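This report refers to the structure that appears directly beneath it.
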Amino acid sequence: MRTVECDVAVVGAGPAGLAAAARAKQCGAGRVILMDRDRELGGILNQCIHNGFGLQLLSQELTGPEYAEHFINEARDAGVETLLDTMVLEVTQGRRIVAVNRTEGLMQIDAKAVILAMGARERSRGGVIIPGMRPAGVFTAGAAQRFVNMEGYMPGKRVVVLGSGDIGLIMARRLTWEGARVEAVLEILPFPSGLTRNIVQCLNDQGIPLYLSHTVVDIHGEERVEGVTVAQVDANLRPIPGTEWDIECDTLLLSVGLIPENELTRDVGGELDPVTGGPVVTDEMETSTPGIFACGNVVHIHDLVDNVTREAWTAGEGAARLVAGQQPGGRTVRTRAGEGVRYVAPQILHVDNLASRDVRLFMRAMRPAERVQVEAVVGGEVVFSKFERVVRPAEMVVLTIPRGKVSPGRVSLDSASPDHASGGAQPELVVRITPRDCDTAAERGMKA
Amino acid sequence: MQLKRLAADVVIIGAGVVGTGIARELARYDLRVVLVEKRADVAFGTTKANTALVHAGYDAEPGTWKARLNVRGNALYPKVCGELGVSHKNTGSLVVALSEEQAAHLHELKERGETNGVPGLEVIPRERVLAIEPGVNAEVVAALWAPTGGITSPWELAIAYAENAVANGVELLLSSPVTGIDMRGGRVVSVRCPGVVIDTRFVVNAAGIWADDIERMVGRDDFEITPRRGEYYLFDKRVGHLVSRPLFPVPSQSTKGIVVAPTVDGNLIAGPNALLVGDKGDLATTAAGLAEVIEGARRLVPGLPVRESITNFAGLRAVAVPAGDFVIGVSPGVPNFVNAAGIQSPGLTAAPAIAEAVRDILADAGLELVEKPDFNPVRERPMRFSELGRDEQSALIEGNPLWGHIICRCETVTEAEIVEALHRPVPCTTLDGVKFRTRAGAGRCQGGFCGPRVVDIIHRELGIDPEQVTKKGGRSYILSGPSKDPIQRQATCCCSAETGGADEHKIEMRECEEVGGHAHGRV
Chain A
1 MRTVECDVAV
11 VGAGPAGLAA
21 AARAKQCGAG
31 RVILMDRDRE
41 LGGILNQCIH
51 NGFGLQLLSQ
61 ELTGPEYAEH
71 FINEARDAGV
81 ETLLDTMVLE
91 VTQGRRIVAV
101 NRTEGLMQID
111 AKAVILAMGA
121 RERSRGGVII
131 PGMRPAGVFT
141 AGAAQRFVNM
151 EGYMPGKRVV
161 VLGSGDIGLI
171 MARRLTWEGA
181 RVEAVLEILP
191 FPSGLTRNIV
201 QCLNDQGIPL
211 YLSHTVVDIH
221 GEERVEGVTV
231 AQVDANLRPI
241 PGTEWDIECD
251 TLLLSVGLIP
261 ENELTRDVGG
271 ELDPVTGGPV
281 VTDEMETSTP
291 GIFACGNVVH
301 IHDLVDNVTR
311 EAWTAGEGAA
321 RLVAGQQPGG
331 RTVRTRAGEG
341 VRYVAPQILH
351 VDNLASRDVR
361 LFMRAMRPAE
371 RVQVEAVVGG
381 EVVFSKFERV
391 VRPAEMVVLT
401 IPRGKVSPGR
411 VSLDSASPDH
421 ASGGAQPELV
431 VRITPRDCDT
441 AAERGMKA
Chain B
449 MQLKRLAADV
459 VIIGAGVVGT
469 GIARELARYD
479 LRVVLVEKRA
489 DVAFGTTKAN
499 TALVHAGYDA
509 EPGTWKARLN
519 VRGNALYPKV
529 CGELGVSHKN
539 TGSLVVALSE
549 EQAAHLHELK
559 ERGETNGVPG
569 LEVIPRERVL
579 AIEPGVNAEV
589 VAALWAPTGG
599 ITSPWELAIA
609 YAENAVANGV
619 ELLLSSPVTG
629 IDMRGGRVVS
639 VRCPGVVIDT
649 RFVVNAAGIW
659 ADDIERMVGR
669 DDFEITPRRG
679 EYYLFDKRVG
689 HLVSRPLFPV
699 PSQSTKGIVV
709 APTVDGNLIA
719 GPNALLVGDK
729 GDLATTAAGL
739 AEVIEGARRL
749 VPGLPVRESI
759 TNFAGLRAVA
769 VPAGDFVIGV
779 SPGVPNFVNA
789 AGIQSPGLTA
799 APAIAEAVRD
809 ILADAGLELV
819 EKPDFNPVRE
829 RPMRFSELGR
839 DEQSALIEGN
849 PLWGHIICRC
859 ETVTEAEIVE
869 ALHRPVPCTT
879 LDGVKFRTRA
889 GAGRCQGGFC
899 GPRVVDIIHR
909 ELGIDPEQVT
919 KKGGRSYILS
929 GPSKDPIQRQ
939 ATCCCSAETG
949 GADEHKIEMR
959 ECEEVGGHAH
969 GRV
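And the structure:
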């Protein structure tokens, strides 16, 4: 087996891997190797031929392939080496990678830092447990997208989409444009899972009905899908008897969530976040295994690629710092999702970093809300907050804590939250989303 | 249409694990054997949807076919699976009693098993159960330990049987439903399938849930197959370690109950429930049924996480009424028509023994069995990348680079394995066929990533248009046609000019230009 040594090895060349690899190299890492199992760089962006990418980061509205191209060029210009059609079979705690491809066979890559950027996979029918027959014609939205946009084939002509995730919405429009009839999009929750702009542009503008609080309760057809039975659900998401009706269709697309692709992460070991399904990471995007970094959908599911790129830059910088022996040491603070927040990432912050640079927190709102204050709380005191006119679970909330807001003195062991179960020794930074009108951030700060 | 005419000594109807097993048994002898199957592949009926268990044999009433053939079949498994390269693990099994009342029943089971000739049965106390199966319900009182219980892969076995049979001269006709059986003087003379008539001296009816329909074709109505549906959960390999051997509840009258078992591939399976259904095509799972399965499974293993479910499915047990037992033997009044019907549980375990029994019945009915000197009982297990060491993997890639190309990432299946599966003695042409042979698409993403690639490989290797590739034969097409439709593209162009934003319009226009310049004029 051929052995290769490098400073940074990046697993996955989607938006996360591309940006992380380029940034690591730009920040002074020596040899950087970027690997992907697919035949081209860019990952899932290649099949996302719709526009809307890069609005925040590049101030342009690009298609997926165009967005990818931008970062492929950057990685190439930076001097990142790439290995395509290459599958990583194994990653060890000692940062040794075993990978395989057709030309090199098995190879071993010893890296000083590894960045995991494998992305996510789609939740399938078995993951959401839809009863009924098992005919052909049930696709995850992304698989259908690949067929249509990459292979040039239609998955069907009359389509029902279950789930209002972004890929499902995009595919509802794409299939309509390609001549299929999209009968309905069903969402089991009382609010959409995808971005508002996608609801507007992909459904409303195409005249596709969206049924909230509805799900598929039966699939018909022995060989190919012939129809589905749908029903309204109650507050506990259980179908309400008597509300069923049938929709004739030949295709059921599932857009029912993404699952971080963390098989390699699990093999390495280390702490996983039960809510995100991804590894627990520091504000350097380092996992609990030293030298193993992670970014993008592997860590938590993003909605905007711009945020993936930002997170990947942090990972690339972190890996470069590790290679250079300049990692922050010292004490850390644990972040925790408080009121109104489903999760927050990163989960661990270096006190030194909080003092010396801006630290970005990504979080998901628990439920839609208007006029809220997003707050970071340490030891009962609001250290930083911002107003949001509206928050939705579908749209990532970003809170960037300016440097110095949390000084080392503030984060003493005394500030450890009393209800923090794990020994209570580690200080906490709690993020919460609270209604602004009844209790302002300032007041909360005073009271605490 | 020109009818093809074949001549056979024996026609076997149905290529499930029973029919393929009989075919392989008869392949030992100097006979012309034709195996006909209505579906596009072997193992596509009940064989692909069951609990995949090798039962010890304590359940069946002593003296029944079930009792006899279970114990005999169980004893044959190591040899058969060894010769044919089929996965089989002799894990032992446990019947778990959760109350004193149930524990009392274990002794009855043990006695019955001993009468049936099951070796090594033992009622073991709570502590020993928990020591070997820490995931089992802590309320466990005792369990019946059956050391000969185990697990296998039913479709691997049926595919291997069929491949070995074909390699030894059996002719296999797939996608060939029997449309009629011709009789003369009270004996079968030929079997008809679309486009082919097979003149034959004997017929074996191994048609699973359709066996009663086949028997009616020879004018007999000795039994009825009432399909009893069982639903299943399959769980991610991540939780495969939760149990190490099949766990049964204490059985009821009609079924062995909902089982939790490991699979030979490292997953966990839970099921089946039992519901009589009127329709032989009714393989639908139901919300109520799946809930029943989870409830039953969690009585045995409370820590079973539903969120690790990767798929659900249903199978139909071919229950023969009024017999209740397997229906094995010459059909009364038709001396050259042999039934191997009503093969419900423990049919998979019994399959190797059913093959022997049917062979003997055919011999008694006048079929001469002359052993072929060149019969080769060995079928090599197809190599699987994921089962090999790094050195072996390296060597394979050196010889053929396709071994270095992973197509199914969940199960680490290479392109070489898929290509090989498409060109084996029993060819497969479908996505499910590839899945059952290689496990591509059988993992946690259920073909989400590799599906399009496998379609492409089938297209390339077999020359089947992507639109004609099916999931499981018949009209189970994966795709409906090409996506680029110029007419539609023009229509879209108009539409988006009216409703879309400026940027969106720009992009659509670009697509229009690629298709044809006149599209612009219409906007």
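Protein sequence lines correspond, in order, to chains A and B.
Numbers 1 to 448, taken from my numbering, label the letters of the first sequence in order.
Numbers 449 to 971, taken from my numbering, label the letters of the second sequence in order.
Using N, Cα and C, we set each Cβ at its ideal position, and we do this for glycine too.
Note that this is a predicted model, so its numbers are computed, not measured.
Separation of residue j from residue i, as counted between CA atoms
i      : j      : result
G467/B : V519/B : 19 Å
A523/B : E562/B : 15 Å
R266/A : A117/A : 14 Å
G79/A  : L18/A  : 12 Å
T648/B : V636/B : 8 Å
S547/B : G751/B : 19 Å
A508/B : R560/B : 8 Å
V749/B : I259/A : 25 Å
K718/B : G688/B : Here residue 718/B is Ala; the residue named in the question, Lys, does not match the sequence. C-alpha separation (whole angstroms): 11 Å.
M1/A   : M107/A : 5 Å
E819/B : G277/A : 59 Å
V639/B : V458/B : 10 Å
G714/B : D205/A : 47 Å
G156/A : P642/B : 29 Å
E863/B : G899/B : 13 Å
N51/A  : G296/A : 20 Å
Cβ separation of residue i and residue j, assumed to be a contact under 8 Å, to the nearest whole Å
i      : j      : result
L738/B : N498/B : That pair is no contact at about 17 Å.
I599/B : T674/B : Actually they do not touch by this definition, with Cβ atoms about 28 Å apart.
F683/B : I742/B : That pair is no contact at about 11 Å.
R360/A : R310/A : 7 Å
V397/A : R371/A : 14 Å between Cβ atoms; not a contact.
G227/A : E248/A : 5 Å
G257/A : R174/A : Actually they do not touch by this definition, with Cβ atoms about 20 Å apart.
T103/A : R37/A  : With 8 Å as the limit, T103/A and R37/A do not qualify as a contact, their Cβ atoms being about 14 Å apart.
Residue i, DSSP secondary structure in three states
i      : result
D7/A   : strand
H503/B : coil
R686/B : helix
C641/B : strand
S924/B : coil
V466/B : helix
Q108/A : strand
I599/B : strand
H871/B : coil
D661/B : helix
R737/B : Before going further, note that residue 737/B is Gly rather than Arg in the sequence given. It is helical.
S834/B : helix
R436/A : coil
D358/A : coil
V128/A : helix
Option in the options with minimal Cα separation from residue i
i      : options                        : result
L212/A : E222/A, R342/A, I188/A         : I188/A
A235/A : D38/A, C249/A, P190/A, G227/A  : P190/A
P567/B : H503/B, P699/B, L532/B         : H503/B
V997/B : Y506/B, D808/B, I629/B, R677/B : Nothing about residue 997/B can be reported from this structure: the residues present for chain B run from 449 to 971 only.
A735/B : V411/A, P239/A, E261/A, I33/A  : P239/A
S834/B : V618/B, T886/B, R827/B         : T886/B
K386/A : F53/A, I44/A, I401/A, N46/A    : I401/A
G896/B : F362/A, E40/A, I44/A, G318/A   : I44/A
W513/B : K728/B, T627/B, V775/B, T878/B : V775/B
For residue i, the residue or residues it bridges with in DSSP
i      : result
W593/B : L542/B, E570/B
F650/B : V458/B
V431/A : A337/A, A376/A
W245/A : V230/A
D822/B : Its beta-bridge partners do not exist; DSSP assigns none.
P675/B : A766/B
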